[in-house]
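For the protein sequence lines, the chains are H and R, in the order given. One point on numbering: in the numbering used here, the residue at position 206 of the first sequence is 206, and numbering is uninterrupted. One point on numbering: in the numbering used here, the residue at position 170 of the second sequence is 1170, and numbering is uninterrupted. Think of the CB as a built atom: it goes at the ideal place given N, C-alpha and C, for glycine as much as any other residue. Scroll down for the structure; my scribbles are underneath it.
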Amino acid sequence: MLDGVLTGSVYALMATGLTLIFGVMNIINVAQGILVILGAYLSYTLNVHLGIDPFVGLIITIPTLFVVGVVVERLFMARLKGPERTSMSILVTYAISLVIEGSLNMIYSINDVQIQTWYVNRSFLIFGIYLPYIYLFGFILAVALLASLYVMLYRTRFGASIRASLADQVAAALVGINVKRVSTICFGLGVAVTAAGGMVYGATNAFNASTSYDLISRLLTIIVLGGMGSLGGALLAAILMVTLGDVVAVVWSPIWSSPTFFFVLIIVLSLRPQGLFGKQSARVA
Amino acid sequence: MGELRGRITLGENMKRNGRFFRALGVTSVAVASMALMVTTSGASSSTIAKGKPVTIGISLSLSGDFSSDGLAFDQGYKLWAAAVNKHGGLLGHQVKLDIVSDASSPTQVITNYQKLISLDHVNLTFGPFSSLLSLPAAKTVARYGYAMIEGAGGAPSVFQAGLTNLFDVSMPVKDSLVPFAKWIVALPKSKRPTTAAYVTTNDAFTEPQIPVAKKIMLAGGIKTKYYSVFPAETTDYTPIADAVAAAKAQVVVLGSVDVPTVSAFMQAFEQAHYNPKVFIATGGPDQGSQFSSVVGVKNANGMMVPNAWYGKATTPGSQAMVAAYVKKYGGTAATVSADVAEAYSVGQVTAEAIKATKSFDNAKIIAYLHSKTAKLSTVQGNVKFDKLGENNDATAFTFQWQGSNFVQVNPTSNAASKPVLFPKPVWGS
């Protein structure tokens, strides 16, 4: 149960980028999975070749992936116009994910790797259970970054611009908000959080570029359940997905872990097609 | 008029039926013609023009779940081709490999072999990686009369299909854990573990191995504390590994196909401060440096895995292959994956069949491999196929990581076997 909450928070961090991008830009970024793996490889490289602790390395990897996001948005996303924009975004971001996957395979080969530091395999005893350091540190990081995103969205002028853009882009532009700039920065932020999610994922799992396919299916499921564009929904859905899966695996059988979750997903979507916290107009919860 | 428009007269009906049957007839002829074209264009050419290479079509998992194994197979096939070409090729023809990626997909593998045979007109086909892909691949190439010689498709379900064109040069998987289980029950009573946990992914390669080992160990008085099957698409192994750790069994038998699965269980066990006396995984620890670099050399210490080959094997040609591998890809003998030898063996068996039949004719190759006179030798040892293509001459071994070395430890009666590191050292030592 505790594992579910701790791991779920990291998935929430990865899904947050996806839901933020959709919320502001109506873009479904299926490259989010490979960007998480790119973040994992960056942390791995800094750790193995320069001896930089993965958490310290975030000082480098988060801005790097922010720049990657900004470049991708300027080169590809900003050019998508018209009513088919959302569906076209799936094709474009899928193409981007294939290019990144191929590049990672060329650079790192398809052999699995895993980030190794002193706290990756260690744990400490608390209330009779062993709590792995990496899950605790990952949880703290996820909460800190999600809180920062929340503060930025609801306590800053820029956050107000974002919320105005997602409520109505035309109206936002009319009151002087540079919607294009907001979109670019949001895409950059959505990609930047994958650096943190990828680092924790890379420390808890062996991975290669192909791992991204498992990840993106999970991330899309999270934002569908939580409600497309909802940060709070992403957090709740991620924790629900991992916790429910873990409990079913232990109490019943691992075989029924995924079917049970998807059964719950179908029930929720049949009652609330927009997801737990999804809204028609203002999508950020 | 409105009524008339709505009616269909008998004459119109007959016309419509006539058109329908004509269309059906034309379609049938077209489909039959296409099928004939596919069959004839797909049929292998048994004669190759002088100076032209013999082409071998292969589908490999160069991405997806089996990508690590796919890469090792790619290396093994290429090493074999290079060795053969260095010595003049096959019947004077240089070997050219036509390798395409199936992304670990059982549907893509079918498309790939259809393309390789129908469009690329390859002369021969080699198998993909894993039982999951080998069976659909073998069924596909069988329609074109091709032999499917493979090195990683030894699950019972593969042979139960009753295909006569399929040949697995490696060990049948169901017996893989037998030497290990026999070693456990043969331990002196004072040292023998008394409890075991079995956990496996629902994969055609892993699942058949577990009941065989469990039966032997139960008969030897080793109680089962935990038994579970988890889906192959599982990504979060922590709750399952925690449940195994909570059972506190002295032996853990893990049915795994890849490094990430074993790595996840090892990590969770260490985090739970659970160190079984014996930990064997059906796949993963045999991946050489791919395994030790992910889990760390110290954590690898004591980990066991069943297989038919290892980097220091002294079977004929084995060390030459290892030397060629190290020269081309780096590393040491201990870091060469057993997959490399499995792929290399496929090439060796094919070469021997071609040499014996003096032909690239798939029908002749199939007949020869089924014959009792076929004498086949590979880097994995001798090969003798039964009527279903299982290698009955294969010997199962158990290997163990001891420090940075990967050594053979079972069967204990084998002269090359080293003493087992028992109990397994604590994690990280």
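Contact residues within the segment 1110-1144 of chain R, judged by C-beta distance below 8 Å to chain H: none
Give a yes or no on whether 7 Å exceeds the smallest Cβ distance from residue 123 of chain H to chain R. yes
Where residue 1120 of chain R falls, given that 16 or more other Cβ within 10 Å makes a residue buried: With a threshold of 16 other beta carbon atoms within 10 Å, residue 1120 of chain R falls short and is exposed.
DSSP state of residue 1171 of chain R mapped onto helix, strand, coil: Looking at residue 1171 of chain R - three-state DSSP - the assignment turns out to be coil, as it is neither helix nor strand.
Please confirm if the segment 1329-1346 of chain R is in contact with the segment 1361-1371 of chain R, defined as three or more CB-CB distances below 8 Å between the two stretches. Contact between the segment 1329-1346 of chain R and the segment 1361-1371 of chain R is absent: fewer than 3 CB-CB pairs across the two stretches fall below 8 Å.
Residue 1121 of chain R - DSSP class collapsed to helix/strand/coil: coil
How about residue 1156 of chain R: is its C-beta nearer than 7 Å to some C-beta of chain H? no
Using the beta-carbon count (16 or more within 10 Å), is residue 1093 of chain R buried or exposed? buried
At what residues does the alpha helix (DSSP H) containing residue 1101 of chain R begin and finish? Unbroken run through residue 1101 of chain R is the beta strand (DSSP E), 1095-1101; no alpha helix (DSSP H).
Going by DSSP, which residues form a beta bridge with residue 1410 of chain R? R/1398
Determine whether the beta carbon atoms of residue 1133 of chain R and residue 1109 of chain R lie at a separation below 7 Å. Against a cut-off of 7 Å, the Cβ pair of residue 1109 of chain R and residue 1133 of chain R comes out as a contact.
Please state whether the Cβ-Cβ distance between residue 1141 of chain R and residue 1113 of chain R is less than 7 Å. yes
Would you say residue 111 of chain H reaches chain R, if we count a Cβ-Cβ gap shorter than 7 Å as a contact? yes
Looking at the secondary structure, which residues open and close the beta strand (DSSP E) in which residue 1306 of chain R lies? 1304-1307
Can you check whether the C-beta of residue 1290 of chain R is within less than 7 Å of a C-beta belonging to chain H? yes
Let me know the alpha helix (DSSP H) ranges lying completely inside the segment 1140-1210 of chain R, each 4 residues or longer, listed in chain order. 1156-1159 and 1178-1186
On the premise that residue 1180 of chain R lies in contact with residue 1266 of chain R, defined as a C-beta separation below 8 Å, what is that separation, rounded to the nearest angstrom? No, residue 1266 of chain R and residue 1180 of chain R are not in contact; Cβ-Cβ is about 18 Å, not under 8 Å.
Flag residue 210 of chain H as yes if its beta-carbon sits less than 7 Å from any beta-carbon of chain R, otherwise no. yes
Check whether the Cβ of residue 1094 of chain R lies closer than 7 Å to any Cβ atom in chain H. No, its Cβ sits nowhere closer than 7 Å to a Cβ of chain H.
For residue 1369 of chain R versus residue 1126 of chain R, is the C-beta spacing smaller than 7 Å? Annotated as distal: residue 1369 of chain R and residue 1126 of chain R, with beta-carbon spacing of 7 Å or more.
Pick from R/1063, R/1407 and R/1420 that is closest to residue 102 of chain H, judged by C-alpha positions: R/1063
So is residue 1071 of chain R in contact with chain H if we call contact Cβ pairs under 7 Å? Output row for residue 1071 of chain R: interface = yes.
Please tell me whether residue 1241 of chain R has its Cβ less than 7 Å away from any Cβ of chain H. no
So, at 6 Å on beta carbons, what are the nonlocal neighbours of residue 981 of chain R in its own chain, with the 5 sequence-adjacent residues on each side left out? Since the displayed chain R opens at 1001 and closes at 1429, residue 981 of chain R lies outside it and no answer follows.
By the 8 Å beta-carbon criterion, what residues does the segment 1226-1250 of chain R contribute toward chain H? The residues in question are 1228, 1229, 1230, 1231, 1233, 1234, 1235, 1236, 1238, 1239, 1240, 1242 and 1243.
Spatial neighbours of residue 7 of chain H in its chain, beta-carbon cut-off 7 Å, leaving aside the 5 residues before and after: 135 and 242
State yes or no: is the beta carbon of residue 132 of chain H nearer than 7 Å to at least one beta carbon in chain R? Yes, residue 132 of chain H lies at the interface with chain R (some Cβ there is under 7 Å from its Cβ).
Nearest to residue 229 of chain H by alpha carbon, out of H/21, H/198 and H/72? H/21
What do you get for residue 1392 of chain R, buried or exposed, if any count of 16 or more other CB atoms within 10 angstroms of its CB means buried? Classified as exposed, residue 1392 of chain R has fewer than 16 neighbouring CB atoms from the shown chains inside 10 Å of its CB.
Which class does residue 260 of chain H belong to by DSSP, given the choice of helix, strand or coil? helix
Please confirm whether residue 982 of chain R and residue 1297 of chain R have their CB atoms less than 7 Å apart. The structure shown does not extend to residue 982 of chain R, since chain R spans only 1001 to 1429, so no value can be given for it.
For the beta strand (DSSP E) that residue 206 of chain H lies in, which residues bound it at each end? That residue, residue 206 of chain H, is in no beta strand (DSSP E); it is neither H nor E in DSSP.
With 16 as the cutoff for other CB atoms within 10 Å, does residue 1492 of chain R come out buried or exposed? Since the first and last residues shown for chain R are 1001 and 1429, residue 1492 of chain R lies out of range.
Where does residue 152 of chain H land, buried or exposed, given buried means 16+ other C-beta within 10 angstroms? Here residue 152 of chain H is exposed: its Cβ has fewer than 16 other Cβ atoms, across all protein chains shown, within 10 Å.
When Cβ atoms are compared, which residues of the segment 87-115 of chain H fall closer than 8 Å to chain R? 101, 105, 109, 110, 111, 112, 113 and 114
Residue-chain proximity (residue 144 of chain H, chain R), Cβ-Cβ < 7 Å: no
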